[in-house]
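> Take a look at the following structure, please.
In our numbering, the protein residues as written are 70 to 846.
Structure, rendered in structure tokens:
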């Protein structure tokens, strides 16, 4: 049997880094969702197509949102006044078994309906695109050769190269967080340069684009729904001769290069109740000043330094085939047909981290369902913040993959939900604290959605609270816990103390309750009970750091003891409802009642083996299919159950082309640009898979740092460096032939931890900043 020996060793991997972390294609993109490539700086998201004669860069800015108080002076976050007066009646009908009457009356617990019974979707609004930058090269011969379009995610820089009409062209694209700019450079080797036209367009009617002098375009506009103002500025630098045209374009003649600097901002400000007041003119002016005083290379190097400081914290390599010389879309197709391409798997992992860095940075709004990328005036699910799993899943990998700073926008956003959420708690539940439900927009829409069957989700705020607690667990930041996280958790704890009611068996239950998108209306749906248990447990754990709140902690402890417990049904499954009514032939995509397995920790293979086995049975019954985010969640479930091979199978199902040859029958999987198909594109599938891959290699939810707990057989040799474990530990691991060779654990603060590998545990003590290396013998 192998033994853990604490010795100082040199961790030398046997894996050669053959992957340059690049997505690439040999044709321009034609379809935004399937083929265009994303860049972003948290504030703005852009998709570049890489056209030859005409290139398009489609742009969205985070605050350009329809709906809200500007669309309706009576906007009130969707809330109905005194809706709580129906709550006890609905509960009474449920307790009496009068399900149909309860269903009908539950419509009084949904978001406000306008006269005529039409939902207030217009007031809810949707995230809106800004518009598109167009760069046209005036070339008579438009036949091109040697084309390559790529996205280097190690440096967050896009590139397009090709030959056309005897000229070689090279374009670069990046989105700078420090400069708050989208930057493009168009270069050619023609002896006398080339002629270019720069244009800026918007799909919104109330816009006007004009040329300002010879080197700048300004597009100003307002949204028709709420009159929200926004503005975009394009400034160019070139060695050619430029002039502004009356049609609102810039004309450049005889240029060897054209540098394009873009800033977009809106009047939106996350401030209840008006949600406006951002000085977007100042924001854009400052961005243009940065563009003017900095050279292109200086901006690019500052961008690269800022980005790589985050991205390169984690390195992941697997032994396998040589780096492919095939385009990424071709590799994806071959992979779906059974080819072994571990470098595609590590690329996908790191691509998810790239997407999170690009869409969520301190000072920005959190990433929405499509991150910060959107081309549609009427996007699917409004590009909103779906809170019955989707937004949470987007941030699952933030802490474990060493991107804690990228978690901050969500944590700040949760704090901003408290004020509007208190109205919802009061008007719907006559309760203390705050509440939010399935659909949430940037205008404080915290009411249940306008259909009970998908819109009612009182557990959403408590689920969000797990992110506050996880941030503390991974960072050990006591000031954050005491000043930010605990007050929020406590308020949500008060809500649940008021919301829970006594069932006929004497236990505390959520009523009415609904298992996400898989109802019917119920009493004590399992996910509600699990999330309440999770919230109460985290509040109890926080008491070690908040000793002055012992009376409240005791109340929480008593309530947790009285929660209706998890149950194992007649098929050996974990019951989704309090009643044993699960259907083993049901393969619904939601497996929400396994929240206690992941992201929660109420069920673990170490402490609750019977419940863990019931969770496994449930997963077997639910099958191996599902939409993109569902497959991603299943990776995490199987990882927690320590079945790496089954988790790996879910990963392979996710990495199946969603369009064209090899398309999945359901349409789910991945697009050619590796964005996850729900369908349509949703960021949660990408991010859930990243978290799942990390969970296969490192777990720390069960009070130990568990090394390689669910390593798939095919990942027999490799290394990963820079993953984070709870307690503030950074973990590097090197393995060969399926066995750990060496691990290095670095502590951010002094403390003690347990380290486990294949059932063998050692207790370690650290000084702040100390590293200890573990070698297997």
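Each residue gets a CB set at the ideal place from its N, CA and C atoms; glycine is no exception.
1. According to DSSP, is residue 841 helix, strand or coil?
2. Between which two residues does the alpha helix (DSSP H) containing residue 50 stretch?
3. Note down the Cα distance separating residue 683 from residue 640, rounded to an integer number of angstroms.
4. Going along the chain, which residues of its own chain have a beta-carbon closer than 6 Å to the beta-carbon of residue 124, five neighbours each way excluded?
5. Measure the alpha-carbon distance for residue 554 versus residue 372 and round it to whole angstroms.
6. Using 8 Å as the Cβ pair cut-off and three pairs as the minimum, do the stretch 770–781 and the stretch 809–818 touch?
7. Is it buried or exposed for residue 154, if we count other Cβ within 10 angstroms and need 16 for buried?
8. Using only CA atoms, which one of 552, 122 and 303 lies nearest to residue 257?
9. Quick one: is residue 496 buried, meaning 16 or more other Cβ sit within 10 Å of its Cβ, or exposed?
10. Does the Cβ of residue 192 have 16 or more other Cβ atoms within 10 Å, making it buried, or fewer, making it exposed?
11. From the DSSP output, in three-state form, read off residue 624 for me.
12. From 461, 680, 756 and 761, pick the residue whose C-alpha is nearest to that of residue 715; which is it?
13. With a 10 Å radius around its C-beta and 16 neighbouring C-beta atoms as the bar for buried, classify residue 790 as buried or exposed.
14. Just mark residue 577 as buried or exposed, buried being the case when its beta carbon has 16 or more other beta carbons within 10 Å.
15. If contacts are defined as beta-carbon pairs under 8 Å, then residue 442 and residue 116 qualify, I think. What distance do you get, rounded to the angstrom?
16. Which first and last residues belong to the alpha helix (DSSP H) in which residue 351 is found?
17. Counting beta carbon pairs with one atom in the stretch 210–228 and one in the stretch 280–287, are three or more of them shorter than 8 Å?
18. For residue 126, does the count of other Cβ atoms within 10 angstroms reach 16, so buried, or fall short, so exposed?
19. Pull up the DSSP beta-bridge partners for residue 307, would you.
20. On the DSSP letters alone, give me the boundaries of the alpha helix (DSSP H) that residue 162 sits inside.
21. In terms of residues, what are the limits of the beta strand (DSSP E) holding residue 799?
22. Does the separation of the CB atoms of residue 517 and residue 180 fall below 8 Å?
23. Ordered along the chain, which non-local residues of its own chain (more than five positions away) have a Cβ less than 8 Å from that of residue 655?
24. Can you give the Cα-Cα distance for residue 587 and residue 270, rounded to whole angstroms?
25. I think residue 333 touches residue 301, with their Cβ atoms under 8 Å apart; what is that distance to the nearest whole Å?
26. In whole angstroms, give me the CA-to-CA distance for residue 186 and residue 557.
27. Consult DSSP for residue 421 and reduce its assignment to one of helix, strand or coil.
28. Would a C-beta distance cut-off of 8 Å place residue 720 and residue 414 closer than the cut-off?
29. Please say whether residue 763 and residue 697 have beta carbons closer to each other than 8 Å?
30. Starting from the Cα of residue 219, find the closest Cα among 610, 120 and 343 and give me that residue.
31. Quick one, which of 782, 759 and 796 has its alpha-carbon nearest residue 711's?
32. Leaving out five residues on either side along the sequence, give the residues of the same chain with a beta carbon under 6 Å from the beta carbon of residue 307.
33. Output the distance between the C-alpha atoms of residue 669 and residue 383, rounded to the nearest integer angstrom.
34. What does a CB cutoff of less than 6 Å around residue 141 pick up in its chain, not counting 5 residues either side in sequence?
35. So for residue 826, helix, strand or coil by DSSP?
36. Any chance the stretch 599–608 sits against the stretch 627–646, with 3 or more Cβ pairs inside 8 Å?
Walking through what the data contain:
1. strand
2. Absent from the structure is residue 50, since the part of the chain shown begins at 70 and ends at 846.
3. 9 Å
4. 204
5. 31 Å
6. yes
7. exposed
8. 122
9. buried
10. buried
11. helix
12. 761
13. buried
14. buried
15. 6 Å
16. 349–362
17. no
18. buried
19. 327
20. 156–164
21. 798–805
22. yes
23. 690 and 691
24. 42 Å
25. 4 Å
26. Per-residue confidence for residue 186 stands at a pLDDT of 41, beneath the threshold of 50, marking its modelled position as unreliable; the derived number appears in the next sentence. Distance between the alpha carbons of residue 186 and residue 557 is about 35 Å.
27. helix
28. yes
29. no
30. 120
31. 782
32. 321, 324 and 327
33. 24 Å
34. 192
35. strand
36. yes
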